[in-house]
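Novice: Residue numbers (our numbering): 24 to 348. Think of the CB as a built atom: it goes at the ideal place given N, C-alpha and C, for glycine as much as any other residue. Take a look at this one; I'll ask things after.
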Ligand code: SD4
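Right, dumping it as structure tokens:
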């Protein structure tokens, strides 16, 4: 290329960079024939992922790391009583107790989780403390609560009058048949790729509404509700946890990406595996989202109705997940 043409091409790239539309790193990667890395990126399940992503983006856009971003992000729905299946205000189990599950995983495969945790508004932050301050990966129930209190978390009542009212209504018939996309639709799983190119993920929920006391779903199980491999990508799940655990869903999605599948294709193949292993999926909803090292992302679910939120340098959006049935 003549030096004049090179100059024109580079100055055009510079102008686009200044306009903020096309980060220069991607522009150069493209001009060198390498696949551009789209970073930072944060994606999360459902529409409450939009405000959660905003909080994560604040961290990412200031060159913060993916781990801090996902923790800050999912704390938003955890603390919002209007979000009825995460954290404070979440639907209780059939005994009227709000029991929470959460896990977090970083770029070095460090991970922490809590399950069947009561009275603590931000289980994701307790999960992070388990990861950072203990030799273990998971603490549950009373032990998790004692640990949280020892770390300065406050004991609170998480059952709001609204959730209590709905539970009492449910108790009249007490029929356990979760309504897909409604009673089971608010777990937040979040994945981020930071400016450094490192991945992390977080997943937090009050679990299936009106579950049996003591029931734990996929969300705090590393490999099921969340998995991160910094060489390949990350995935997280929402929907009926029992079906996700059976297939170790998020780990499966990451392994499918390792085999060369795009994030969306990997989620689709994992969903197909779940469908193949269950006789009747008419009432079964599962959705996955995934993000790879290039900053490509995708999602896929069994039934229509699942969506996920994305925030990149080009802005933020809510995407309807593609579906099988
Ligand atoms: C669970 N997977 O406890 C969770 C529920 C969920 O969207 O994801 N809801 O089974």
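Restricting to Cα atoms, I'd like to know which of 79, 171 and 111 is closest to residue 120.
Specialist: 111
Novice: Short check: CB of residue 151 to CB of residue 94, under 8 Å?
Specialist: yes
Novice: Would you call the stretch 273 to 283 in contact with the stretch 235 to 251, where contact means no fewer than 3 C-beta pairs closer than 8 Å?
Specialist: yes
Novice: Less than 7 Å separating the Cβ of residue 99 from some heavy atom of the ligand SD4?
Specialist: no
Novice: What are the boundary residues of the alpha helix (DSSP H) that residue 145 is part of?
Specialist: Counting along the chain, residue 145 falls outside any alpha helix (DSSP H), and DSSP gives it neither H nor E.
Novice: Would you kindly report the start and end of the unbroken alpha helix (DSSP H) that includes residue 166?
Specialist: 164 to 173
Novice: Just to check my reading of the structure: residue 332 and residue 67 have Cβ atoms closer than 8 Å, yes? What is that Cβ distance to the nearest angstrom?
Specialist: 5 Å
Novice: Beta carbon of residue 222, beta carbon of residue 231: below 8 Å?
Specialist: no
Novice: Just to confirm my understanding: we take residue 159, look at its own chain, exclude 5 residues before and 5 after, and list those with CB closer than 7 Å. What are they?
Specialist: 153
Novice: From the DSSP output, read off the bridge partner residues of residue 128.
Specialist: 134 and 224
Novice: Quick check on DSSP: helix, strand or coil for residue 236?
Specialist: coil
Novice: Between the beta-carbon of residue 217 and the beta-carbon of residue 106, is there less than 8 Å?
Specialist: no
Novice: If you draw a straight line from the C-alpha of residue 322 to the C-alpha of residue 142, how long is it?
Specialist: For residue 322 and residue 142, the distance between alpha carbons rounds to 32 Å.
Novice: By how many angstroms is the C-alpha of residue 60 removed from the C-alpha of residue 301?
Specialist: 37 Å
Novice: Would you kindly check if the distance between the Cβ of residue 243 and the Cβ of residue 125 is under 8 Å?
Specialist: yes
Novice: What are the boundary residues of the alpha helix (DSSP H) that residue 274 is part of?
Specialist: 272 to 281
Novice: Do we get a CB-CB distance below 8 Å when we pair residue 239 with the residues of chain C?
Specialist: Protein chain content of the structure displayed is limited to a single chain, and chain C is not contained in it.
Novice: In angstroms with no decimal places, state the Cα-to-Cα distance between residue 265 and residue 238.
Specialist: 10 Å
Novice: Check whether the Cβ atoms of residue 220 and residue 144 sit closer than 8 Å, and answer yes or no.
Specialist: Taking 8 Å as the Cβ cut-off, residue 220 and residue 144 do not qualify as a contacting pair.
Novice: Can you give, in chain order, each stretch of the alpha helix (DSSP H) that sits fully within the stretch 278 to 312 and has at least 4 residues?
Specialist: 286 to 300
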